[in-house]
Structure formats: C-alpha cells, structure tokens
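243 is the number of the first residue of the sequence shown in the numbering used here; add one for each residue after it.
Note that the Cβ used here is the ideal one computed from N, Cα and C, for glycine as well.
Everything below concerns the one structure shown next.
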Amino acid sequence: MDSGKVTVIGAAGHVGLAMSLVLTHAGYKVNGVDLNTEYNQLIMSGVMPFQENGAPELLAEAMDTGRLTMTGGLDDVPSSRYVVIMVGSPTDQHLNPVLDNLYRLIESLASRLLPGHIVILRSTVTPGTTGRVRNKLETLTGLTEGRDFHLVYAPERVVQGRAIEETAVLPQLIGAFDENSYHLTSSFFKTFSSGENIMLTPVEAELGKLITNMTRYVSFALANEFYLIGNLYDANINRIIDACNYDYPRLNLPTPGPNVGGPCLYKDGWFLVERIPFQELISTAFHINESMPMQIVQQLEKFDGICRVAILGMTFKADSDDIRNSLSFKLLHQLERLGYECITVEPHLKNYAPLSDLKGCDAVVLMTPHREFKNLPAITEAVDNENCVYVDIWGFWDEMRYRSANGIFRSGPREGEPGCVF
Ligand SMILES: NC(=O)c1ccc[n+]([C@@H]2O[C@H](COP(=O)([O-])OP(=O)(O)OC[C@H]3O[C@@H](n4cnc5c(N)ncnc54)[C@H](O)[C@@H]3O)[C@@H](O)[C@H]2O)c1
C-alpha cells in the first residue's frame, strides 16, 4: 500500500476532478475512478470536460508528471493508502435522496478494503449515512473501523469555479468515529491545504454540510420574498437591501435572483428534512426560489405585444458552463407552453444562439449574470427594438438596479405600464 497514492472515486466529476488535480499538484499519484468513460478519455488527453478556474494548468502538469490516471474500475484501490469518495448524490423525481449508487459502490469497495486503508467519504449525504457505510464495510470485510481501517466523513464545501483555490484553504469538517481516524485524515489534508481541520462526529459533519448549504438557500429565498413584497409597494428592493446592509454589522442580505438552483442547493434541503415533521422553512424556501421563473412570466404577461423572448444565460451560476438544475430551463418551458417564441443565449456552451440573434426580441430576461452580459447598452443595440422589455431581477445591470420597477423595464415608456427609458 502506497502512502503517496490516492484513489479518488468520482474523479471525472465537478468536485472530484478539482480534488484530484489539487492532489497531483501536491505530489500524490492519483488513481482516478469514474464510470464516465467519455470524460475519463478527455481528461487523459489533457482536456478539461468542463470549466474550472486553474484546472487546465494543473491538468497539463498532471499529464506531464504522469501522476493522474483515469479508469472505470476499483482495481488500484488496494495499492492506494487513501480512498476519497466524491460520487454524485442526487434526488429522484419525488425529491427523495438517491444513495443506492453509493451503497453499491461501498459493496464493491469492501472486496478491496485492506487494513491500513483511510476512506474519506466526501459526497453530500443524508444524516446517518456514514454510520451505515461503516456497518456495511465492517459486515462485509470482518475488519473493524478505527482499528483495521479508517472511515471519516469530510464534506466537500468548495464552490464550483473556485474549487481548486478553495480546496487549498478552506477549513475541513472531519466527522470521525474515533481520534485516530481523525488525526490520520487531518494529517492527509494538511499536506495540501492550509485550512484548519475541525473534529466532529460523522453525523455532525453530515449535518454541518447540509446546514451550510441550506443557510444560503433560505437566505436567497428570503431575498426573493422581499423582492416580491417590494413589487407590491413599487419599492426598489435592491436599493433597500443595499442601504440596509451598508456599514451595518448585523445584516448581510443577498440580492434577489431568479436562478437559485444548481446541483447542490436544489437538492440538499431534501437530504436534511427527510425525517423531520417541521420542515416548513426549507420547503417554503424551495417553493419561493422555484417560483421565480413563473413570477417573471406573470410580469411579462402584463405587457402587450410580447411574442419573442430571449433568455440570457442557461447555466445555474454566472461564468460557468454547468446547466444542472438551472431554472433557466424552467422559465424556457413555461414560456414555450404559453406560446412564446424563445431564443436561448449561453456564451459558455455550444449550440446556443449568439447575442446577434437578439435582433427584434420583444423581451430579454437575464437569468444568469455572466460577465458577457454586463454591457446593457450593447445588448439593447443588438435587440434594436425600442419597445423591448428587459428583466433583471439580480440588479446586475447598473442602469436598472435602482429603478423602482424592480428590474423590469420597457425601453420605450408606455402609458400606465411599469417601465422607463434608460
Ligand atoms: N458541484 C459542487 O459544487 C459541489 C460542492 C460541494 C459538494 N458537492 C457534492 O459532491 C458530490 C459530487 O458532486 P459533483 O457536482 O462533482 O457531481 P458530478 O455529477 O459532477 O460528479 C460525480 C461523478 O461521480 C461519477 N460516479 C457516479 N457513480 C460512480 C461510481 N459508482 N463509481 C465511479 N464514479 C461514479 C459520475 O460519473 C460523475 O463523474 C455530490 O454529493 C455533491 O452534492 C458538489
């Protein structure tokens, strides 16, 4: 067993690949395991399958040093001292957490598990999962956690796009069953991260991860609810939020946004609430955030003459190429169902319309505040329609941010309608 070797399972994924590259950069040999053979091949040819800041350089370095290999199987597990599990953990169509894939993986892992192995579960999981993983591994192998092998839950908390940078500095929550497993894992993290390590129990670390994400999700829903309230009074919510936050030590409200989704925030709440009877806050946050596209549709329906609508941004977050659980698609389907003609603009992906296709649009909805969309005068010039309605709930376009119509404007004023000339 090689202490300089790490098996990363889920290594072609958004966070697994970033982690693998940080590890190769730190000098480890990484045995990357992933079922996605297309991505495995791309990675081994030195091509990143998705955007991640700093990753192309580290991938080139890993190819030069030969420290990264990608494979579909677990054959190299016995020779790696560390096994890091970063596979996806989605919800199903009923919003139930789906972890059977993880448990099947644990069964395959068990047949390769040896005394001395340090297994680090890093996928987001429901509370209690690490305990069930330990029981499974112990039953299937006859080995004992803490004595023969080590298992911890150390959740991934980086943000996509800055995963490389953050892996090297963020504090790690290490949920361990015993001190020895904690210290061994802590020593491993210290070889590539300056972040502090904090010992928790596994279930505390599982809850810590979910609470971290849900705090953000609920605060975004609160900002969105304030946006809806502001609309009732024709009061500009961004001006209010900015003023209230300004130089005030007890408030840090985010701005409202129509695209609060993505692969993590969309589903993590359902991992948290599956057993509790008082889940209103989190499920209400879900309803508010998920209803924002329909709020936009209803605003557009108030204007006459809108046929052709452009959606700017199809990814769930700015300056990214990740469309998973992006509410842009929800908006697109709602608009199409109502008979609007839609064009979708996404500069970070192929096969979407270019900005030049905006000509003649009756409405332009900013769903993802990519930096490519920052220049509103250039967009209005491309649209070339003085009656076009612009929607920017983010407050991203400076020209609209503090106007009282709360991010919804018609470029030519209409009697009795919200809107103004900018
Ligand atoms: N994306 C993020 O920003 C982020 C941040 C923090 C935590 N997480 C969590 O990390 C985990 C991974 O998220 P992601 O966004 O990287 O997902 P992803 O879908 O991009 O990557 C998961 C990878 O796991 C692979 N995989 C699935 N089952 C496998 C198996 N049995 N064997 C080998 N490979 C397998 C998939 O092919 C995929 O490449 C999830 O639990 C997620 O909630 C994600």
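Taking buried to mean at least 16 other C-beta atoms within 10 Å of its own C-beta, is threonine 610 buried or exposed? The residue is buried, with at least 16 neighbouring Cβ atoms inside 10 Å.
Residue environment, threonine 368, which counts as buried when at least 16 other CB atoms sit within 10 Å: Only buried fits threonine 368, as 16 or more other CB atoms lie within 10 angstroms of its CB.
On the DSSP bridge assignment, give the partners of arginine 652 in chain order. In DSSP, arginine 652 forms a bridge with Val631.
For glycine 252 and serine 653, I'd like the C-alpha separation in whole angstroms. Pairing glycine 252 with serine 653, the inter-Cα distance amounts to about 48 Å.
Quick one, are the C-beta atoms of asparagine 466 and serine 646 less than 8 Å apart? No, they are not a contact pair.
Less than 7 Å between the CB of proline 444 and some heavy atom of ligand 1, yes or no? Result no, Cβ not under 7 Å from ligand 1.
Could you name the residues of the same chain whose beta carbon sits closer than 7 Å to that of threonine 497, not counting the 5 residues immediately before and after it, in chain order? Correct list, in chain order: Ala465, Asn480, Ile483, Trp636, Gly637.
How big is the Cα-Cα spacing for leucine 356 and asparagine 648? C-alpha of leucine 356 to C-alpha of asparagine 648: approximately 60 Å in a straight line.
What residue does the beta strand (DSSP E) around lysine 432 start on, and which one ends it? Per DSSP, lysine 432 belongs to no beta strand (DSSP E); it is in the alpha helix (DSSP H), 421-432.
Bridge partner(s) assigned by DSSP for threonine 273: It should be noted that the sequence gives asparagine, not threonine, for residue 273. By DSSP's assignment, asparagine 273 forms a beta bridge with Thr249, Thr311.
Using CA coordinates, which residue listed in Asn439, Leu554, Leu591, Ser568 is at the minimum distance from isoleucine 585? Ranking the options by Cα distance to isoleucine 585, first place goes to Leu554.
Could you check whether the Cβ of aspartate 634 sits closer than 7 Å to any heavy atom belonging to ligand 1? Distances between the C-beta of aspartate 634 and the heavy atoms of ligand 1 are all 7 Å or more.
Buried versus exposed, by CB contacts within 10 Å (16 or more), leucine 514: Its Cβ being crowded by 16 or more others within 10 Å, leucine 514 is buried.
Contacting residues, own chain, Cβ-Cβ under 8 Å from glutamine 576 (five flanking each side not counted): Sequence-distant partners of glutamine 576 (beyond 5 residues in either direction) whose C-beta falls short of 8 Å from its own C-beta, in its chain, are Pro535, Met536, Val539.
In angstroms, rounded to a whole number, what distance separates the CA positions of lysine 271 and valine 248? For the pair lysine 271 and valine 248, the Cα-to-Cα distance works out to about 6 Å.
By Cβ distance below 8 Å, which residues in the same chain neighbour glutamate 583 in space, the five residues on each side in sequence not counted? Counting only Cβ-Cβ distances below 8 Å, and skipping sequence neighbours, we find Cys549, Arg550, Val551.
Residues sharing a beta bridge with proline 339, DSSP: Thr333, per the DSSP bridge assignment.
The beta strand (DSSP E) with glycine 552 in it runs from where to where? Going by the sequence as given, residue 552 is alanine instead of glycine. Annotation for alanine 552: the continuous beta strand (DSSP E) segment containing it runs 550-554.
Please indicate yes or no: does the CB of cysteine 630 lie closer than 7 Å to some heavy atom of ligand 1? It does not: the Cβ of cysteine 630 is nowhere closer than 7 Å to a heavy atom of ligand 1.
Kindly indicate which residue of Asn487, Glu448, Val633 has the alpha-carbon position closest to the one of arginine 681. Outside the shown range of the chain, which is 243 to 664, sits residue 681, and nothing can be said about it.
Just checking leucine 347 against ligand 1 - is the residue's beta carbon closer than 7 Å to any of the ligand's heavy atoms? Taking the Cβ of leucine 347 as the reference point, at least one heavy atom of ligand 1 falls within a distance shorter than 7 Å.
Once you ignore the five residues that flank leucine 341 on each side, which residues in its own chain have a CB closer than 8 Å to its CB? The residues are Ser331, Val367, Thr368, Thr371.
Pick helix, strand or coil for phenylalanine 664, following the three-state DSSP scheme. Confidence at phenylalanine 664 is low in this model, with a pLDDT of 44, below 50, so its placement is unreliable and the value that follows should be read with caution. Coil at phenylalanine 664, not helix or strand.
Can you tell me which of the three DSSP states histidine 203 falls into? Since the first residue of the chain shown is 243 and the last is 664, residue 203 is not available in this structure.
Alpha-carbon to alpha-carbon, leucine 600 and valine 400: When rounded, the distance between both Cα atoms is 35 Å.
For isoleucine 518, count neighbouring Cβ atoms within 10 angstroms of its own Cβ and tell me buried if that reaches 16, exposed if not. So isoleucine 518 counts as exposed.
Helix, strand or coil at phenylalanine 558 according to DSSP, with G and I counted as helix: Coil.
Boundaries of the beta strand (DSSP E) in which isoleucine 471 is found, first to last residue: It is not in any beta strand (DSSP E) - isoleucine 471 instead sits in the alpha helix (DSSP H) that spans 444-474.
On the CB-based measure, 16 or more other CB atoms within 10 Å of its CB, does serine 570 come out buried or exposed? Buried, since its Cβ has 16 or more Cβ neighbours within 10 Å.
From what residue to what residue does the alpha helix (DSSP H) around arginine 197 run? With the chain covering 243 to 664 only, the question about residue 197 has no answer from this structure.
Using only CA atoms, which one of Thr526, Thr307, Gly246 lies nearest to valine 325? Among Thr526, Thr307, Gly246, the Cα nearest to that of valine 325 belongs to Gly246.
Rounded Cβ spacing between valine 264 and phenylalanine 434 (contact assumed at less than 8 Å): Indeed they touch by this definition, with Cβ atoms about 6 Å apart.
So if DSSP puts glutamate 387 in a beta bridge, which residue, or which two residues, is it bridged to? Among the bridge pairs identified by DSSP, glutamate 387 is matched with Phe391.
Look at the Cβ atom of asparagine 455, then the Cβ atom of cysteine 506, and state whether they are nearer than 8 Å. The answer is yes: Cβ separation under 8 Å.
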